[in-house]
Amino acid sequence: MPANSEPAKIEKVSIIISKGSLEGVYPGLIMANGARAEGMEANLFFTFFGLDAVHKARHEHIKLATVGNPGLHLATWAGGLPGVSSVLTHYMARKMDALDIPSIPEFVEMIADTGAGLYACKASADLFGITREDLIEQVKDIITVGEFYDLAAGGEIIFT
Amino acid sequence: MPTVTYAGTQVAVNDEGFFTDPEQWREEMAPLLARQEGIADLSERHWQVIKFMRHEYETKGTGPTVRVLGKTSGVSVKELYQLFPKGPAKTAAKIAGIPKPRGCI
Chain A
155 MPANSEPAKI EKVSIIISKG SLEGVYPGLI MANGARAEGM EANLFFTFFG LDAVHKARHE
215 HIKLATVGNP GLHLATWAGG LPGVSSVLTH YMARKMDALD IPSIPEFVEM IADTGAGLYA
275 CKASADLFGI TREDLIEQVK DIITVGEFYD LAAGGEIIFT
Chain B
12 MPTVTYAGTQ VAVNDEGFFT DPEQWREEMA PLLARQEGIA DLSERHWQVI KFMRHEYETK
72 GTGPTVRVLG KTSGVSVKEL YQLFPKGPAK TAAKIAGIPK PRGCI
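Residue numbers (this note's numbering), protein chains in the order written: chain A, 155 to 314; chain B, 12 to 116.
See the structure below:
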């Protein structure tokens with residue numbers, strides 16, 4: 155490769171969302187949406203507690219982790235008090251709304267509209283007793299890890 | 012800074028092909044810019060987005076992101092990606108002769 159040639163552009167990403175907290179879900183959504191905005195192909199794979207982001211009954215109730223989250227600069231004992239997680243989640247939601255950052259359900263729906271593929275992890279669905287009916291309609295399928303790798307072929311894989 | 016000739020006029024663009032001076036843009040340049048982005052024909056719906064991009068840029072000084080386009084241009088996110096498969100905000104900005112919109116969402 156000549157010294158001055160630019161590296162090839164990323165053309166495809168597969169993003170894994172494995173956490174069920176607010177700060178665990180948003181980064182993967184932002185990266186998927188951003189990838190589509192740049193014209194890249196994007197797939198999202200929801201696994202373990204990340205499944206909550208596409209769970210009909212739970213995706214509106216994803217909370218900020220206030221325990222074991224040193225970035226919050228809040229004592230762990232205080233973060234564990236009843237209601238603290240809810241209050242801080244509301245505070246965060248207000249700040250995000252002011253910046254026009256969509257809520258998780260709205261964001262996931264928008265990402266599906268961009269043409270990104272949404273998939274749920276079979277092992278996690280089995281583990282939590284989650285079926286297709288529990289998930290929002292935008293989820294294309296519940297797939298195995300092998301099927302995920304097939305979908306991800308030829309692109310970058312990002313684990314969040 | 013590279014220059015390119017569109018519709019008989021020399022214009023300044025950046026490395027990615029975005030106009031550095033939106034004042035140099037003329038409507039008759041759009042079909043050629045669109046073809047470079049893989050869009051063979053500009054429909055009325057394409058034009059609605061392109062004109063909206065220019066209007067937003069002229070009033071706000073920056074082009075809208077896909078989310079803002081979806082909420083305010085009268086064209087849904089789904090349709091925006093059908094019209095501009097390589098990224099609606101980015102592609103429409105290039106065709107509309109305005110800088111690439113900056114914004115993470």
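C-beta atoms are modelled at their ideal positions from N, C-alpha and C, and glycine is treated no differently.
message: A:Ile216 and A:Ser175 - do their beta-carbons sit closer together than 8 Å?
response: The residue labelled residue 175 of chain A in the question sits at position 21 within the first sequence. The residue labelled residue 216 of chain A in the question sits at position 62 within the first sequence. Yes. Within cutoff.
task: Give the residues of chain B in contact with A:Asp267, contact being defined as C-beta atoms less than 8 Å apart.
output: By one-based count along the first sequence, residue 267 of chain A stands at place 113. Within chain B, the residues near A:Asp267 are Gly81, Ser87, Val88, Lys89 and Tyr92.
message: Suppose the cutoff is 6 Å on Cβ atoms and the five residues either side in sequence are ignored; what does the same chain contact list for A:Ala306 look like?
response: Numbered from 1 along the first sequence, position 152 holds the residue referred to as residue 306 of chain A. Excluding residues within five positions, the ones whose Cβ falls inside 6 Å are Ser168.
- prompt: In the DSSP assignment, what are the bridge partners of A:Glu195?
  reply: Position 41 of the first sequence, counting from 1, holds the residue named residue 195 of chain A. Bridge partners of A:Glu195: A:Lys166.
query: Using the C-alpha atoms, what's the distance from B:Leu53 back to B:Glu90?
result: Along the second sequence, one-based indexing puts residue 90 of chain B at 79. Along the second sequence, one-based indexing puts residue 53 of chain B at 42. Answer to the nearest angstrom: the Cα atoms are 14 Å apart.
- request: Go ahead and label A:Phe200 buried or exposed: buried means 16 or more other beta carbons lie within 10 angstroms of its beta carbon, across all protein chains shown.
  value: Indexing the first sequence from 1 puts residue 200 of chain A at position 46. That one is buried.
- prompt: Closest to A:Thr243 by CA distance: which of A:Leu218, A:Ala232 and A:Ser257 is it?
  reply: Taking the first residue of the first sequence as position 1, residue 243 of chain A is located at position 89. Of A:Leu218, A:Ala232 and A:Ser257, the residue nearest in Cα terms is A:Leu218.
query: Any Cβ of chain B within less than 8 Å of the Cβ of A:Pro259?
result: As a first step, residue 259 of chain A is located in the first sequence; it is residue number 105 there, counting from the start. No, because no Cβ of chain B sits closer than 8 Å to the Cβ of A:Pro259.
message: Quick check on the DSSP output: what are the complete beta strand (DSSP E) runs of length 3 or more inside the segment 231–306 of chain A, in order along the chain?
response: 271–275 and 295–297
- prompt: B:Lys101 and B:Gly49: beta carbons closer than 8 Å?
  reply: For the purposes of this step, residue 101 of chain B is taken as the residue at position 90 of the second sequence. For the purposes of this step, residue 49 of chain B is taken as the residue at position 38 of the second sequence. No, Cβ-Cβ distance for B:Lys101 and B:Gly49 is not below 8 Å.
Contacts around A:Ile258, its chain only, beta-carbon distance under 8 Å, and the 5 residues preceding and following it disregarded: On the first sequence, residue 258 of chain A is found 104 positions in, with the first residue counted as 1. Excluding positions up to five away in sequence, the list reads Leu176, Val179, Tyr180, Leu183, Ala207, His213, Glu214 and Ile216.
task: Spell out the partners DSSP gives B:Arg95 in its beta bridges.
output: In the second sequence, the residue the question calls residue 95 of chain B occupies position 84. The identity of residue 95 of chain B in the sequence shown is Phe, whereas the question assumes Arg. Looking at the DSSP assignment, B:Phe95 forms no beta bridge with any residue, so it has no partner.
Cβ shell of A:Val262 (< 8 Å), same chain only, five flanking positions each side left out: Working through the first sequence from its first residue, we reach residue 262 of chain A at position 108. Excluding positions up to five away in sequence, the list reads Leu183, Ala207, Val208, His213, Leu272, Ile290 and Gln292.
- prompt: Is the number of C-beta pairs between the segment 33–52 of chain B and the segment 13–22 of chain B that are closer than 8 Å three or more?
  reply: yes
message: Contact defined as beta carbons within less than 8 Å: I believe A:Ser239 pairs with A:Gly204. What is the distance between those atoms, to the nearest angstrom?
response: Here residue 239 of chain A corresponds to residue number 85 of the first sequence, with the count starting at 1. Here residue 204 of chain A corresponds to residue number 50 of the first sequence, with the count starting at 1. In this structure A:Ser239 is not in contact with A:Gly204, their Cβ atoms being roughly 18 Å apart against a cut-off of 8 Å.
- prompt: Counting contacts by CB-CB distance shorter than 8 Å, is B:Ala100 in contact with chain A?
  reply: For the purposes of this step, residue 100 of chain B is taken as residue 89 along the second sequence, with counting starting at 1. Among the residues facing chain A, B:Ala100 is included, as its CB has a counterpart in that chain under 8 Å away.
message: What does the Cβ neighbour count give for B:Arg113, buried or exposed, with the cut at 16 atoms within 10 Å?
response: Translated into positions along the second sequence, residue 113 of chain B becomes position 102. The residue is exposed, with fewer than 16 neighbouring Cβ atoms inside 10 Å.
message: Whole angstroms are fine: how far does the CA of B:Pro99 sit from the CA of B:Ala51?
response: Stepping through the second sequence from its first residue, residue 51 of chain B is reached at position 40. Stepping through the second sequence from its first residue, residue 99 of chain B is reached at position 88. C-alpha separation (whole angstroms): 15 Å.
Distance CB(B:Leu80)-CB(B:His57) smaller than 8 Å: Taking the second sequence and counting its residues from 1, the one referred to as residue 80 of chain B is at position 69. Taking the second sequence and counting its residues from 1, the one referred to as residue 57 of chain B is at position 46. Contact flag unset, no.
query: Near A:Met194, which residues of its chain fall below 7 Å by C-beta distance, leaving aside the five closest residues on each side in sequence?
result: Start at 1 with the first residue of the first sequence, and residue 194 of chain A comes out as number 40. Cβ neighbours of A:Met194 beyond the five flanking positions: Ile164, Glu165, Lys166 and Val167.
task: Please list, in chain order, all residues of the same chain as A:Asp246 whose beta carbon is under 7 Å from its beta carbon, the five residues on each side excluded.
output: By one-based count along the first sequence, residue 246 of chain A stands at place 92. Checking the displayed sequence, the identity of residue 246 of chain A turns out to be Met instead of Asp. Cβ neighbours of A:Met246 beyond the five flanking positions: Leu176 and Leu218.
- prompt: B:Ala100 by DSSP, collapsed to three states: which one?
  reply: For the purposes of this step, residue 100 of chain B is taken as residue 89 along the second sequence, with counting starting at 1. Secondary structure of B:Ala100 (DSSP, three-state): helix.
- prompt: Taking the C-alpha atoms as reference points, what is the distance between A:Thr268 and A:Asn197?
  reply: Mapped onto the first sequence, residue 268 of chain A falls at position 114. Mapped onto the first sequence, residue 197 of chain A falls at position 43. It is roughly 11 Å from the alpha-carbon of A:Thr268 to the alpha-carbon of A:Asn197.
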